[in-house]
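A.B. asks: Mind the numbering: the sequence shown is residues 231 to 522 in this note's numbering, read in order.
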Amino acid sequence: MEASQQKNLVSQEFPFNLLITDIAEFPPHWHKEIEIIYVLEGVMDIGLNNRIYPMETGDILLVGMGDVHYFLTSPVRSNRIIVQFDLSMVEYVSPAFQDRRFKAPFIRKDPAAGEPDSFWPAPERMIHHLLEEQILALYTEYQKKSEGHKPAVMARLYDLVTIFLRYIPMEEISPLEKTKHLKKLDRLEQVFSYVEMNYTRPLTLREVSAVANFSVYHFTRFFKEITGMTFLQYLNSYRISKAVKHLAQTADSITEVAFKSGFDSIKTFNRVFKQLKGCSPTQYRKQLKSNF
């Protein structure tokens, strides 16, 4: 999936989605739905706005409306439950979230290294247990889809939102701050769209900065502030994601894959690929073939 605003994640009739995925990486994106990420097994790093959260089995991350988030590539496999829902499903409490954001979006299974208990309105371990219970109940209902699963899902969502309101620290977003954030997302969308159309050729910071109507200096700061990564890190990650598709879906040589993905040097392509995927392009293709 391309980096951008994600739209129509859920259906209008029942605006809820749940999936289990082991996708190793996912580019920066945002959406209007609330998202809950629960690590079933393994470890992974998730970027949320301008912070990186190292997550382990059982950890939970809450993603608010308009939060830019992404999965960082890891050679270690991980499985996670992702819950997405539109606040229209819980319309009676929806206004409470319209101008607020999660102040503490990361809830650890083992809170030893987390925020002190004085930061939370209740012990973090208890809060984690409450959230985990509802996430796993949602998973069971959605997988089985037994008679009455939709009202059961609604009930669990109300329980989750109640936990948010009672136990998850939140902070107000002023109308001015909200407007500024939306403008930043719009500029980011322009950059992502430009990269999508031009990634196969050399791209300079000056050129991309002009797309966002920034100087190079201000664009560099803007991009890092919003995504938590540099533009070059993003561009390399995007190009490697394209290379992975070429390796899986074509018989192109490694050299052809490199140039089609926007790299003008085989040496650079091999170095960046190994850095992000944990192996060389040739090894990656062999692994793909061995899985069939």
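Here a beta-carbon is modelled for each residue, glycine too, at the ideal position from N, C-alpha and C.
S439: buried (16+ other C-beta within 10 angstroms of its C-beta) or exposed?
C.D. replies: Looking up residue 439 in the sequence shown gives position 209. Counting Cβ neighbours within 10 Å, S439 comes out buried, since at least 16 surround it.
A.B. asks: Between the alpha carbons of F449 and S483, how many angstroms are there, rounded?
C.D. replies: Here residue 449 refers to the residue found at position 219 when the sequence shown is read from its first residue. Here residue 483 refers to the residue found at position 253 when the sequence shown is read from its first residue. Roughly 36 Å between the two C-alpha positions.
A.B. asks: On the criterion of 16 or more Cβ atoms from any shown chain inside 10 Å, does I253 qualify as buried, or is it exposed?
C.D. replies: Position 23 of the sequence shown holds residue 253. I253 is exposed by the Cβ-count criterion.
A.B. asks: With DSSP collapsed to three states, give me the class of E401.
C.D. replies: Translated into positions along the sequence shown, residue 401 becomes position 171. Three-state result, E401: strand.
A.B. asks: Go through its chain and collect everything with a Cβ distance to Y372's Cβ below 6 Å, but skip five positions before and after it.
C.D. replies: Residue mapping note: residue 372 aligns to position 142 of the sequence shown, counting from 1. Correct list, in chain order: L248.
A.B. asks: Which partner residues does Q314 have in the DSSP bridge list?
C.D. replies: Taking the sequence shown and counting its residues from 1, one reaches residue 314 at position 84. Partner(s): N247 and E265.
A.B. asks: How long is the line joining the alpha carbons of M231 and I456, rounded to whole angstroms?
C.D. replies: Taking the first residue of the sequence shown as 1, we reach residue 231 at position 1. Taking the first residue of the sequence shown as 1, we reach residue 456 at position 226. Because the pLDDT of M231 is 39, which lies under 50, any placement of that residue in the model is unreliable, and the question is left without a value.
A.B. asks: Is the separation between the beta-carbon of I403 and that of I311 shorter than 8 Å?
C.D. replies: As a position in the sequence shown, residue 403 is number 173, starting the count at 1. As a position in the sequence shown, residue 311 is number 81, starting the count at 1. Not in contact: I403 and I311 (Cβ atoms no closer than 8 Å).
A.B. asks: Among M319, Y300 and Y283, which residue has its Cα nearest to the Cα of E255?
C.D. replies: Your numbering for residue 255 matches position 25 in the sequence shown. When each option's Cα is compared against that of E255, the closest is Y300.
A.B. asks: Going by the CB atoms, is the gap between E265 and D316 shorter than 8 Å?
C.D. replies: The count along the sequence shown starts at 1 and reaches residue 316 at position 86. The count along the sequence shown starts at 1 and reaches residue 265 at position 35. No. Outside cutoff.
A.B. asks: Please classify Y447 as buried or exposed, where buried requires at least 16 other C-beta atoms within 10 Å of its C-beta.
C.D. replies: Numbered from its first residue, the sequence shown carries residue 447 at position 217. So Y447 ends up on the exposed side.
A.B. asks: Thinking just about the alpha-carbon of each residue, which of H358, K497 and V313 is nearest to the one in H261?
C.D. replies: Stepping through the sequence shown from its first residue, residue 261 is reached at position 31. With distances taken between Cα atoms, H261 lies closest to V313.
A.B. asks: Measuring straight from C-alpha to C-alpha, what distance separates F452 and R338?
C.D. replies: As a working note, residue 452 is residue 222 in the sequence shown. As a working note, residue 338 is residue 108 in the sequence shown. So the two alpha carbons sit approximately 29 Å from each other.
A.B. asks: Compare the Cα-Cα distances from I282 to each of K454, V383, V487 and L477 and report the closest residue.
C.D. replies: On the sequence shown, residue 282 is found 52 positions in, with the first residue counted as 1. Here the closest residue by C-alpha is K454.
A.B. asks: Cutting at 6 Å between CB atoms, please list the residues of its own chain near A473, excluding the five before and the five after it.
C.D. replies: Here residue 473 refers to the residue found at position 243 of the sequence shown. Excluding positions up to five away in sequence, the list reads V487 and S491.
A.B. asks: Could you pull out every unbroken alpha helix (DSSP H) segment of at least 4 residues lying fully inside the stretch 400 to 473, listed in chain order?
C.D. replies: Those alpha helix (DSSP H) runs which fall completely within the stretch 400 to 473 and span 4+ residues are 405 to 428, 435 to 441 and 446 to 457.
A.B. asks: Determine, for V421, whether the minimum Cβ-Cβ distance to residues of chain B falls below 8 Å.
C.D. replies: In the structure shown, chain B cannot be found, because there is only a single protein chain.
A.B. asks: Excluding the 5 residues preceding and the 5 following A233 in the sequence, name in chain order all residues of the same chain whose CB lies nearer than 7 Å to its CB.
C.D. replies: Taking the sequence shown and counting its residues from 1, the one referred to as residue 233 is at position 3. Legend: pLDDT at A233 = 47, less than 50; position of this residue unreliable, value from coordinates given subsequently. Closer than 7 Å at Cβ, skipping near neighbours: P257, P258, H259, F422 and Y468.
A.B. asks: Looking at the structure shown, is E232 part of a helix, part of a strand, or coil, going by DSSP?
C.D. replies: Position 2 of the sequence shown, counted from the first residue, corresponds to residue 232. Caution applies to E232, whose pLDDT of 48 falls short of 50 and renders its modelled position unreliable; the value that the coordinates give is listed next. DSSP places E232 in coil when its eight states are reduced to three.
A.B. asks: Given a threshold of 16 other Cβ atoms within 10 Å of its Cβ, counted over all protein chains shown, does M427 qualify as buried or as exposed?
C.D. replies: To locate residue 427, count along the sequence shown from 1; it is residue 197. Exposed, by the Cβ-count rule.
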